[in-house]
Amino acid sequence: MDYKKVIATGTTITRDLEKLDSDTDNIYETVMVIAKRANQISVDMKKQLSQKLEEFTSYSDNLEEVFENREQIEISRFYEKLPKATLIALQEFVDGKIFFRNPEKLEE
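The sequence shown begins at 36 in my numbering and counts up one residue at a time.
So this is what it looks like as structure tokens:
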């Protein structure tokens with residue numbers, strides 16, 4: 036996923052609960068869907084960050100390391116400025132980009 040193109044807000048805003056639970060008819064189920072998606076996004080973001088920082092891994096300690104870490108710092112700052120995984124998941128849910136199903140409801 037390209038996190039540069041994410042449209043989610045950077046801060047938490049008040050949401051209308053009636054609009055959020057319109058798809059599931061249960062606010063707790065909605066929260067669980069968003070939480071599971073946020074966990075997936077968080078794992079993906081951490082994996083991407085680790086891969087990018089791994090390129091700069093140095094196994095020797097020297098004075099030049101301070102200057103070489105500037106790229107690592109810039110990458111880390113980029114990921115710190117991104118919206119949190121929960122906000123991205125919430126925006127995806129509101130936009131209808133999350134597919135979910137409840138097996139218990141399918142049996143009924």
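All C-beta atoms in this analysis are idealised placements derived from N, C-alpha and C, irrespective of residue type, glycine included.
Quick caveat: nothing in here was measured; it's all calculated off a predicted structure.
Worksheet item: Hey, T65 and D56: beta-carbon distance below 8 Å or not?
Response: yes
Discussion item. Tell me the rounded alpha-carbon separation between I123 and K132.
Written reply: 11 Å
Item to complete: Give the straight-line distance between the Cα atoms of K87 and N74, rounded to the nearest whole angstrom.
Response: 20 Å
Worksheet item: Using CA coordinates, which residue listed in N61, E53, D60, K71 is at the minimum distance from E127?
Response: K71
Worksheet item: Roughly how many whole angstroms lie between the Cα atoms of F134 and T47?
Response: 23 Å
Discussion item. Let me check understanding here. Comparing Cα to Cα, which of Y114, F91, K54, V68 lies closest to M80?
Written reply: Y114
Item to complete: Tell me where the alpha helix (DSSP H) around R72 begins and ends.
Response: 62-89
Worksheet entry | Where A43 falls: helix, strand or coil (DSSP) | coil
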